[in-house]
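Everything below concerns the one structure shown next.
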Amino acid sequence: MPKCTIDGREVEFSAGENLLEVARKVGVEVPYFCYHPGLTVVAQCRMCAVEIEKFPKLQTACSTPAGDGMIVHTRSEKAKANQKSIMEFLLINHPLDCPVCDKSGECDLQDNSYRYGDSYTRSTEERRTYIDLDMGPVIKKNMNRCIHCTRCIRFGAEVAGVREMVAIQRGNSTEISTIDGRPLETDYAGNYADICPTGSLTLKDFRFKKRAWMLKKTATVCEGCSRGCNMEIQQDGGSVYRCIPRKNMEINQYWMCDEGRFNYQYLMDPTRIVKPRIEGVNTTWSDAIGRLKATLSGKKATILVGTDLTVEELKLIQEMSASMLPGSTIAHIGTNGVSTTSDDGAEDQLLKRKSKTSNLHGAEKLGIAPYKSMASGSEAVLIFRGGKAELPALTGIKKYGVGVFTESEAQGFEVVLPSTSFAEKDGTIVNFQGKEQRLKRAINPMGQSKQIGEIFMLWKNSSSALRAEATGVA
Amino acid sequence: MLVKRDLKPLAHIYLIEIIKGLAITMKNMLFARNVTIQYPEERRNYSERFRGMHYIKATNGVENCTACMLCPTVCPAECIHIEAGERPDKEKYPVKFEIDVLRCCFCGMCEEACPKDAIKLSTIYEMSQSKRTVFSKDYLLEQRGHK
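From first to last, the protein sequence lines stand for chains G and D.
All you need for the working numbering is the position in the first sequence, starting with 1, plus 984.
All you need for the working numbering is the position in the second sequence, starting with 1, plus 7.
The structure is reproduced here in structure tokens:
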């Protein structure tokens, strides 16, 4: 393998790798703004310029492929002077409204300014200002903060497949905007806020809700569709504030769709049922379990399991229902029209899949059949659901729900036992490629919700069951 | 470690030392100036830098605070609670700004962290309440006892 030396450290690289990535391998951090590993290289911020021996001028590390025997200095006097002047240059027009800006705390411009810039400004001139047009429901634009890295333009054209962001005017009066000021069309608009190195493009959903440094982060997997994009849930005090994608080159690369990004909102839905209910009236766990047992035991039931449950939960339901509700049939529900994995195709050219539940492939692996119609002789329906599976229209039959339901969804249910959604439990889900991924618990179950395992435990061990078992033994 | 002191025979009765000590006590009692003051009638002058009750500074009737959340971040007692919002004349302003003064330790770090010179500690030190009170934004905006 060819070798080069970066800041005195020898490093091996494969042909074609750029200096920025090679430097990162040995822990040398080269500051940058416009470079993004998922986008083409334009080398336009000039922040990553480094000194290479035998080269007359500084070279941008992002656009220079590493060469055998290259000797690179990223913190030489010349490179440092360049970083300092680029920072000064970028901050000439930056409003420095960090106290107001949602990006502060996770802002590349802020970080690099602290590390490489000067702590004072020489400019006394007025800063340029723009009037910002609305950019649709996802993104809030603030052009004053922009540093023209063009990451958003490249993201739209190269990843999202829509050329919607453009740079108009030139030089100092460059403005990044959508064509004709139209709102954003892409379903991946949330990524604009992620890749923006400043606070120019921020999420409307997250606007002023919390500061970035107050959020606690949990690495988990999105449950919006069968792709299972890797993401991070950011929460504080038990309520989720936003989800952002994590890098996984085999599944979602660096991106995430808006549907998955804002999927967390149903967790905090005010109409979500978080207390056990009997016929629409809140009650206690023991009463609800007692009612469930009194009206369900000994009967033949159809058990519908949402494909938004984890593999562990599905297996548990399979095993427990065989012993506790013998003679009942299990079928899975998920997205209407996508009942088997062969129906599950790509919805667009990037990430979205047709199955809008995360674990269709896992359910199929466990041998659970899709729900078509009620099994003959069924006297009741027991629905286990993680919150996303679509409920089939069921009439004229007693319905029992375990899982995440809103008040309108649980209309006419005999008993509802609140259980946990994807952010409130650990478990495994299988994506469309057959990859098993772990869901991590980010927040405590809302209200009185319990895990499905706990519910089975209550069901099995509640007092009457214990009594029955005792008499059986005697 | 226990050290055995080699005292002289006269020192063993301590009497001389007791008389010396009493002399100092008597001197202070009879001739020194009083340290205490008659509080509600008499008041002490405190330094301008005294850290007392908080207030939010306003400029032209608009609060300086932009709800940047640096004061709740730096607050060691976690007594500041802010909720941010937007209104036409101000991009970001505190919809709620509450201080639980009973939790506050008057360290003044909020004042130090504030980039907008909004939260300040006044010289007011009389804060006794008949019940536990969380001071709201309206109360804090009234500029009493400011420096």
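Just so you know, even glycine gets a beta-carbon here, dropped at the ideal spot from N, CA and C.
Quantities reported herein were computed from a predicted structural model and do not represent experimental measurements.
(message) Give me the subset of the region 1030-1053 of chain G whose CB atoms are less than 9 Å from a CB atom of chain D, sorted by chain position.
(response) none
Quick one: which residues of the region 1186-1199 of chain G get their C-beta closer than 9 Å to a C-beta of chain D? List them in chain order.
R1191, F1192, K1193, K1194, R1195, W1197, M1198
- Query: In chain D, which residues lie less than 7 Å from G/P1354 when you measure between Cβ atoms?
  - Reply: Residues of chain D passing the Cβ test: none, with the nearest at roughly 46 Å.
**Report entry** D/A65 at chain G interface by Cβ criterion, 8 Å
**Finding:** no
Handout entry: Separation of G/V1400 from G/K1444, as counted between CA atoms
Key = 17 Å
Q. Mind checking G/W1239: buried by the 16 CB within 10 Å criterion, or exposed?
A. buried
Please determine, among G/P1079, G/E1110, G/V1143, the residue with the shortest C-alpha to C-alpha distance to G/N1126. G/P1079
- Considering G/R1422, what are the terminal residues of the beta strand (DSSP E) in which it resides? 1420-1423
Exercise for the section: Indicate whether at least one CB of chain D lies closer than 8 Å to the CB of G/P1402. Expected result: no
Q) Name the DSSP bridge partner or partners of G/C988? A) G/V995
Practice item. Within 10 angstroms of the Cβ of G/M1441, are there 16 or more other Cβ atoms? Answer buried if so, exposed if not. Key: exposed
Could you tell me whether any Cβ in chain D is nearer than 8 Å to the Cβ of G/V1084? yes
**Cutoff 6 Å; reference G/T989; Cβ partners in own chain excluding five residues on either side** = I1055
message = Please give the ranges of any alpha helix (DSSP H) in the region 1004-1059 of chain G, keeping only runs that are unbroken, at least 4 residues long and fully inside the region.
response = none
Can you list the residues of chain G that D/K99 reaches, using a CB-CB cut of under 7 Å? V1084, F1192
Notebook entry, point to check: Listed in chain order, which residues of the region 76-91 of chain D have Cβ atoms closer than 9 Å to some Cβ of chain G?
Noted result: M76, L77, P79, T80, E90, A91
Query raised in the report: With C-beta atoms as the reference, is G/I1531 less than 8 Å away from G/H1020?
Result: Nothing in the structure corresponds to residue 1531 of chain G, since chain G is present only between 985 and 1458.
Chain G within 8 Å of D/P122, Cβ atoms only:
yes
TODO: Report the neighbours of D/E93 on chain G: residues whose CB is nearer than 7 Å to its CB, in chain order.
DONE: F1192
Below 9 Å on C-beta distance, what does D/T73 contact in chain G? D1081, P1083, V1084
Which residues in the same chain have their Cβ closer than 6 Å to the Cβ of G/A1458, if we skip the five residues on either side of it in sequence? Low per-residue confidence applies at G/A1458: pLDDT is 34, beneath 50, and the placement is therefore not dependable, though the value from the model is reported in the following sentence. Around G/A1458: no qualifying Cβ.
Practice prompt. Return the chain-ordered list of same chain residues with a C-beta closer than 8 Å to the C-beta of G/N1232, the five sequence neighbours on each side being excluded.
Written response: C1213, N1214
Give me the Cα-Cα distance between G/V1295 and G/I1301, rounded to the nearest whole angstrom.
-> 10 Å
Quick check on G/D1092: buried or exposed, where buried means 16 or more other Cβ atoms within 10 Å of its Cβ? buried
*With a cut-off of 8 Å on the beta carbons, I'd call G/F1192 and G/D1086 a contact; round off their distance for me.*
7 Å
Less than 6 Å between C-beta atoms, sequence neighbours within five positions excluded: which residues of the same chain meet that for G/A1196? G1089, E1090
With distances taken from CA atoms, which of G/D1171, G/L1199, G/S1307, G/K1349 is nearest G/D1332? G/D1171
(Q) Could you tell me which whole alpha helix (DSSP H) segments of length 4 or greater appear in the region 1338-1395 of chain G? (A) 1344-1349
**Prompt:** At which residues does the beta strand (DSSP E) containing G/M1149 begin and terminate?
**Reply:** 1149-1152
So, does the region 33-49 of chain D touch the region 106-124 of chain D, judging by three or more C-beta pairs under 8 Å? no
Discussion item. Would you call the region 76-83 of chain D in contact with the region 130-144 of chain D, where contact means no fewer than 3 C-beta pairs closer than 8 Å?
Written reply: no
Subject >> Where D/F142 sits in the DSSP three-state scheme >> reply: strand
If you measure between the beta carbons of G/D1410 and G/K1424, is that distance less than 8 Å? yes
Counting C-beta neighbours from all protein chains within 10 Å, is the total for G/N1247 16 or more, i.e. buried, or is it exposed?
buried
task: Please say whether G/R1369 and G/G1385 have beta carbons closer to each other than 8 Å?
output: yes
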